[in-house]
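> Chains as they are written, first to last, in the numbering used here: chain A, 15 to 470; chain B, 15 to 470. Cβ atoms here follow ideal geometry from the backbone N, Cα and C, with glycine treated the same way. Being a predicted model, the structure only gives us computed values, none of them experimental.
Number of protein chains: 2
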Amino acid sequence: MKKTALIAFLVTSMAYSQSNDQKMIADIYKYSLTKSSCYSWLAYLSNSIGSRMSGSVGAEKGVQFTKQQLENLGLDRIYLQEVMVPNWVRGEKETAYIIDNKTKTNLPICALGGSIATSKSGLTAEIIEVQSIKELEALDAEKVKGKIVFYNRPMEPENINTFKSYGHCVDQRFYGAEKAAKMGAVGTIVRSMTLRLDDFPHTGMQSYGDLPKEKYIPTAAISTNGAELLSKKLKENSNLKFYMKLSCQTLSEVLSYNVIGEITGSEHPEKILIVGGHLDSWDLADGSHDDGAGVVQSMEVLELFKKLNYKPKNTIRAVLFMNEEFGGRGGKKYEELSKINKENHIFSLESDCGGFSPRGFAFQCDAANFQKILGWKYLFEPYLIHNFTLGGTGSDTGHLTSTKIVKAGLSPDSQRYFDYHHAANDTFDAVNKRELELGAASMASLIYLFDQYGID
Amino acid sequence: MKKTALIAFLVTSMAYSQSNDQKMIADIYKYSLTKSSCYSWLAYLSNSIGSRMSGSVGAEKGVQFTKQQLENLGLDRIYLQEVMVPNWVRGEKETAYIIDNKTKTNLPICALGGSIATSKSGLTAEIIEVQSIKELEALDAEKVKGKIVFYNRPMEPENINTFKSYGHCVDQRFYGAEKAAKMGAVGTIVRSMTLRLDDFPHTGMQSYGDLPKEKYIPTAAISTNGAELLSKKLKENSNLKFYMKLSCQTLSEVLSYNVIGEITGSEHPEKILIVGGHLDSWDLADGSHDDGAGVVQSMEVLELFKKLNYKPKNTIRAVLFMNEEFGGRGGKKYEELSKINKENHIFSLESDCGGFSPRGFAFQCDAANFQKILGWKYLFEPYLIHNFTLGGTGSDTGHLTSTKIVKAGLSPDSQRYFDYHHAANDTFDAVNKRELELGAASMASLIYLFDQYGID
Numbered sequence: 015m016k017k018t019a020l021i022a023f024l025v026t027s028m029a030y031s032q033s034n035d036q037k038m039i040a041d042i043y044k045y046s047l048t049k050s051s052c053y054s055w056l057a058y059l060s061n062s063i064g065s066r067m068s069g070s071v072g073a074e075k076g077v078q079f080t081k082q083q084l085e086n087l088g089l090d091r092i093y094l095q096e097v098m099v100p101n102w103v104r105g106e107k108e109t110a111y112i113i114d115n116k117t118k119t120n121l122p123i124c125a126l127g128g129s130i131a132t133s134k135s136g137l138t139a140e141i142i143e144v145q146s147i148k149e150l151e152a153l154d155a156e157k158v159k160g161k162i163v164f165y166n167r168p169m170e171p172e173n174i175n176t177f178k179s180y181g182h183c184v185d186q187r188f189y190g191a192e193k194a195a196k197m198g199a200v201g202t203i204v205r206s207m208t209l210r211l212d213d214f215p216h217t218g219m220q221s222y223g224d225l226p227k228e229k230y231i232p233t234a235a236i237s238t239n240g241a242e243l244l245s246k247k248l249k250e251n252s253n254l255k256f257y258m259k260l261s262c263q264t265l266s267e268v269l270s271y272n273v274i275g276e277i278t279g280s281e282h283p284e285k286i287l288i289v290g291g292h293l294d295s296w297d298l299a300d301g302s303h304d305d306g307a308g309v310v311q312s313m314e315v316l317e318l319f320k321k322l323n324y325k326p327k328n329t330i331r332a333v334l335f336m337n338e339e340f341g342g343r344g345g346k347k348y349e350e351l352s353k354i355n356k357e358n359h360i361f362s363l364e365s366d367c368g369g370f371s372p373r374g375f376a377f378q379c380d381a382a383n384f385q386k387i388l389g390w391k392y393l394f395e396p397y398l399i400h401n402f403t404l405g406g407t408g409s410d411t412g413h414l415t416s417t418k419i420v421k422a423g424l425s426p427d428s429q430r431y432f433d434y435h436h437a438a439n440d441t442f443d444a445v446n447k448r449e450l451e452l453g454a455a456s457m458a459s460l461i462y463l464f465d466q467y468g469i470d
Numbered sequence: 015m016k017k018t019a020l021i022a023f024l025v026t027s028m029a030y031s032q033s034n035d036q037k038m039i040a041d042i043y044k045y046s047l048t049k050s051s052c053y054s055w056l057a058y059l060s061n062s063i064g065s066r067m068s069g070s071v072g073a074e075k076g077v078q079f080t081k082q083q084l085e086n087l088g089l090d091r092i093y094l095q096e097v098m099v100p101n102w103v104r105g106e107k108e109t110a111y112i113i114d115n116k117t118k119t120n121l122p123i124c125a126l127g128g129s130i131a132t133s134k135s136g137l138t139a140e141i142i143e144v145q146s147i148k149e150l151e152a153l154d155a156e157k158v159k160g161k162i163v164f165y166n167r168p169m170e171p172e173n174i175n176t177f178k179s180y181g182h183c184v185d186q187r188f189y190g191a192e193k194a195a196k197m198g199a200v201g202t203i204v205r206s207m208t209l210r211l212d213d214f215p216h217t218g219m220q221s222y223g224d225l226p227k228e229k230y231i232p233t234a235a236i237s238t239n240g241a242e243l244l245s246k247k248l249k250e251n252s253n254l255k256f257y258m259k260l261s262c263q264t265l266s267e268v269l270s271y272n273v274i275g276e277i278t279g280s281e282h283p284e285k286i287l288i289v290g291g292h293l294d295s296w297d298l299a300d301g302s303h304d305d306g307a308g309v310v311q312s313m314e315v316l317e318l319f320k321k322l323n324y325k326p327k328n329t330i331r332a333v334l335f336m337n338e339e340f341g342g343r344g345g346k347k348y349e350e351l352s353k354i355n356k357e358n359h360i361f362s363l364e365s366d367c368g369g370f371s372p373r374g375f376a377f378q379c380d381a382a383n384f385q386k387i388l389g390w391k392y393l394f395e396p397y398l399i400h401n402f403t404l405g406g407t408g409s410d411t412g413h414l415t416s417t418k419i420v421k422a423g424l425s426p427d428s429q430r431y432f433d434y435h436h437a438a439n440d441t442f443d444a445v446n447k448r449e450l451e452l453g454a455a456s457m458a459s460l461i462y463l464f465d466q467y468g469i470d
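1. For the region 33-57 of chain A, list every residue whose C-beta sits within 8 Å of some C-beta in chain B, in sequence order.
2. For chain A, find out if any of its Cβ atoms is closer than 8 Å to the Cβ of GLN429 (chain B); answer yes or no.
3. Do the region 68-82 of chain A and the region 190-204 of chain B make contact, defined as three or more Cβ pairs closer than 8 Å?
4. Is it buried or exposed for ASN166 (chain B), if we count other Cβ within 10 angstroms and need 16 for buried?
5. Work out the CA separation of GLY406 (chain B) and ILE147 (chain B) for me, nearest whole Å.
6. Anything in chain B within Cβ reach of ARG205 (chain A), meaning under 9 Å, just list it in chain order.
7. My output table needs one value for MET15 (chain B): the three-state DSSP class, helix, strand or coil.
8. Helix or strand or just coil, what does DSSP make of ASN383 (chain A)?
9. Tell whether a beta-carbon distance below 8 Å holds between ASP410 (chain B) and GLU350 (chain B).
10. Is SER60 (chain A) close to chain B? Criterion is C-beta to C-beta, closer than 8 Å.
11. Please say whether MET258 (chain B) and THR208 (chain B) have beta carbons closer to each other than 8 Å?
12. Using a Cβ cut-off of 7 Å, pull out every chain B residue sitting near ARG448 (chain A), in sequence order please.
13. Which runs of the beta strand (DSSP E) at least 3 residues long sit entirely within the region 297-364 of chain B? Give them in chain order.
14. Check the Cβ of GLU172 (chain A) against every Cβ in chain B and list those closer than 7 Å, keeping chain order.
15. Less than 7 Å between C-beta atoms, sequence neighbours within five positions excluded: which residues of the same chain meet that for GLU143 (chain A)?
16. Using DSSP's beta-bridge definition, name the partner residues of ASN401 (chain B).
17. Of all the CB atoms in chain A, is at least one closer than 8 Å to the CB of PHE398 (chain B)?
18. Quick test of your reading: LEU121 (chain A) and GLY240 (chain A), contact by CB under 8 Å. State the CB separation rounded to the nearest angstrom.
19. Nearest chain A C-beta to ARG91 (chain B) closer than 8 Å, yes or no?
20. Return the first residue and the last residue of the beta strand (DSSP E) that ASN272 (chain B) is part of.
21. Taking C-beta pairs closer than 8 Å, name the residues in chain A that ARG373 (chain B) reaches, listed in chain order.
22. I'd like to know whether the C-beta of ASN166 (chain B) is nearer than 8 Å to at least one C-beta of chain A.
23. Residue range of the alpha helix (DSSP H) that CYS367 (chain B) falls in?
24. Suppose you measure from the CA of PHE370 (chain B) to the CA of GLU85 (chain A); what does that come to, to the nearest Å?
25. Below 8 Å on the Cβ atoms is my guess for SER129 (chain A) versus LEU225 (chain A); work out the distance and round it to an integer in Å.
26. Figure out for me which residue from A:ALA57, A:TYR324, A:LEU398 and A:PHE188 has the closest Cα to the Cα of SER456 (chain A).
27. Pick out whichever of B:VAL445, B:ASP465 and B:ILE113 has its Cα sitting closest to the Cα of SER1 (chain B).
28. Is any beta-carbon of chain B found at less than 8 Å from that of ASN115 (chain A)?
29. For LEU137 (chain B), list the residues DSSP reports as bridge partners.
30. In the region 426-454 of chain B, which residue ranges form an unbroken alpha helix (DSSP H) of at least 4 residues, counting only runs that do not cross its ends?
31. Give me the Cα-Cα distance between SER252 (chain A) and TYR111 (chain A), rounded to the nearest whole angstrom.
32. Residues of chain B with a CB under 8 Å from the CB of ASN401 (chain A): which are they?
33. Ignoring anything shorter than 4 residues or poking outside the region 153-191 of chain B, list the alpha helix (DSSP H) runs there in chain order.
34. If you draw a straight line from the alpha carbon of TYR189 (chain B) to that of MET219 (chain B), how long is it in whole angstroms?
35. Span of the beta strand (DSSP E) holding GLU94 (chain A)?
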């Protein structure tokens, strides 16, 4: 072929494939906004099943419901992966109050995941407030001994990405009890990880680290309004006492499941692209944003491809992980089995940042692949998806260790996420149908492009 | 200066001013997210004052409150502009039901702005459903005469920008009664302008056009769930009857005000940059998104400049317009007076699309200015502001007729706007503090750049 003819051919075929991509992506968004099932799936998961704490009946119902819905899509393969999960239960609702002279002031708290209970009569002790673990560790142990440590460093409001503020704050929740116990504290209270001032305590995982069991101390989150009040009262009277009663306990592990559905690749069935979210939630609410949204969006990717009659070249697999919130057993089990089965994952996409308006994606990949991805950005701009970054992509797919894999995470608008995260208001009414659907369409579009063009 | 020295100087001074701009914009966002007053102003406007229908006591309280807050900022000039506004009142809550044989089914409706009342005993008639004015006008007038016309074309879900869907639908609400009256109808019912299926009727302006007064017919919006039910019942029984009772009336016009505050320009006091929103709301709710958000964001721009000790070159003026919802008298009066006073507006920025996460701006300007503006885009990208378009910028500043002016409108995420627009749920709890503050910071940043670099 002459050079000019070659160029003409290349330009024509590029224009052809660009316009094919544009058309496919337009079809994906249109279907998602007009006919998708994701919102009604979420309604069922949230309103008919409710919370899906791993090990609970709700989690089991979530497994059965999502499996059934995947079966209704007419996929090539649907299966469950067995995984043993912890079974921590909250027990009766927590009680807490300040005892200031003879006045009792109730405050909203909730046990952190994995906490031990207090004694049946509760725990009463003086409080010592700190802004950080570092500040605690600089104290004389005598000052801490026998007290409840109150971690009260707020999330920083000035960051545009609220996950950054969360990352700067969550050490108090995760390591707080372990560190305080080592100093002789008898309990900890942690300011809730939210940027709002409100009355919801936000739970979340904590770890006692390498502490021997007899040294474990009860640990709970307090609402931000509660934290402000407690801090104010401590300034007025540093000798006030705090009472809290937690009834949580750790039961025997339970058999649970990852739920998996896939469309087999027509050209490279051995190459796998996965899309996923986690089926389990916390126990305080139905977890519509965390991560009911990611679950139904991942299922929606498969529905979109089936309904639009798209035959992927590679295998597209939706994985609904179990136990992300409480140890990540599902993600670890998935990776363990994929190693045994010598599976070849080339791409993963996780949605675990809420069902808000999608703004872009975060990627973990090398420079060559990132350049290639940036070349697709114009395809997303009509849908206002613009924020392509390098960064963390998700904790379940984080376990995947394939040497050649591009990982991605959906990046929705983050402003409202921590208003709901791990709290009793993470419910269905907090999810906007269109925002959820736009997220699903963005995910399907990215999967489509990786299916078409592979990775470098 | 030698050429290389000149280039070095230019590059250095460009880098210097870029880094100055970056620093100023960073300061603006930081202040807005940490110390701004806009959210607490909105709390007062929404929760302590409430709805601010033009002509109402609430509107008058809004004028006094915002004027007082502007005075507290220590601006150079604060004043009111007198403007006479219509005074339409809803009266007692509307009633409507389907009469199907002997069964009555209540439906949620609300009178449209400017509608006449029904008789005191209400209006009962058969219903005829159409999807458009065009469809109505193609009908035989005999089929329409004596009936209530029911406009039921939904907003299109497939558009990414929901304002586009609104634009494709709102003719039914605005012109529906006039067109139906010309065909002999006795009333109209219009499907609410929202993409959700819910129970809120959404009001809004309508016009009887050139109809003589004696031909006016009552007109109301029905919730989308109500519209779906009515349509279903009509398919089952096309002879069913509809009852509605509206008690609205138009009273004498009332004296009201635009509220204006400004910082005088240090170099070009005669050149004016305005930023604005509208103080009036509908009567069904406190109008937190429409347009309490725009009002407090505009005030916030001035607060930010004062607190950051920024001395603008040009005059920066916040205008809180009265009566946007019901005739735009405030916007027209502002333009009328600015012509008399020979004022020179070089830039306007309006916020009237809700207090949601800001995504960008729409501009009305020539190609040269748009190119210049696009050159500032990188300054906004750290704040995830990316969507710079040419398009409609707002109805109040739409009245400005300066020959040399760049107009802009804030473009927040549009997915949720019509969930609340003109309905009883447009309340303070629907506004996220950070999203509101990010909008204000984006507006201040754009005003800052126009103040620094002017227009071409």
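Let me spell this out:
1. Here the close residues are TYR43, LYS44, LEU47 and THR48.
2. yes
3. no
4. buried
5. 24 Å
6. Ordered by position in chain B, no residue passes the 9 Å Cβ test against ARG205 (chain A), which lies about 17 Å from the chain.
7. Confidence is the limiting factor: at MET15 (chain B) the pLDDT is only 45, short of 50, which leaves the residue's position unreliable and the question unanswerable from this model.
8. helix
9. No, the pair does not count as a contact, with Cβ atoms beyond the cut-off.
10. no
11. no
12. Contact of ARG448 (chain A) with chain B by beta-carbon distance below 7 Å involves LEU209 and GLN429.
13. 328-335 and 358-364
14. Those within 7 Å of GLU172 (chain A) in chain B are LYS44, LEU47 and THR48.
15. PHE164, ASN166, SER245 and LEU248
16. B:GLY374
17. The displayed chain sequence assigns Leu, not Phe, to residue 398 (chain B). So, interface residue.
18. 4 Å
19. It does not: the Cβ of ARG91 (chain B) has no partner Cβ on chain A nearer than 8 Å.
20. Looking at the DSSP string, the run of the beta strand (DSSP E) that includes ASN272 (chain B) is 263-277.
21. LEU398
22. Using a Cβ-Cβ cut-off of 8 Å, ASN166 (chain B) does not count as an interface residue toward chain A, since no Cβ of chain A sits closer than that to its own.
23. No alpha helix (DSSP H) contains CYS367 (chain B), which DSSP labels as neither H nor E.
24. 38 Å
25. Going by Cβ atoms, the distance from SER129 (chain A) to LEU225 (chain A) rounds to 13 Å, so no, they are not a contact pair.
26. The shortest C-alpha separation from SER456 (chain A) is found at A:LEU398.
27. As displayed, chain B neither begins before 15 nor continues past 470, which places residue 1 (chain B) out of reach and without an answer.
28. no
29. B:MET258
30. 431-434
31. 15 Å
32. Going along chain B in sequence order, the residues near ASN401 (chain A) (Cβ under 8 Å) are LEU398 and HIS400.
33. 155-158 and 176-181
34. 10 Å
35. Correcting the residue type first, residue 94 (chain A) is Leu in the shown sequence and not Glu. Residues 91-103.
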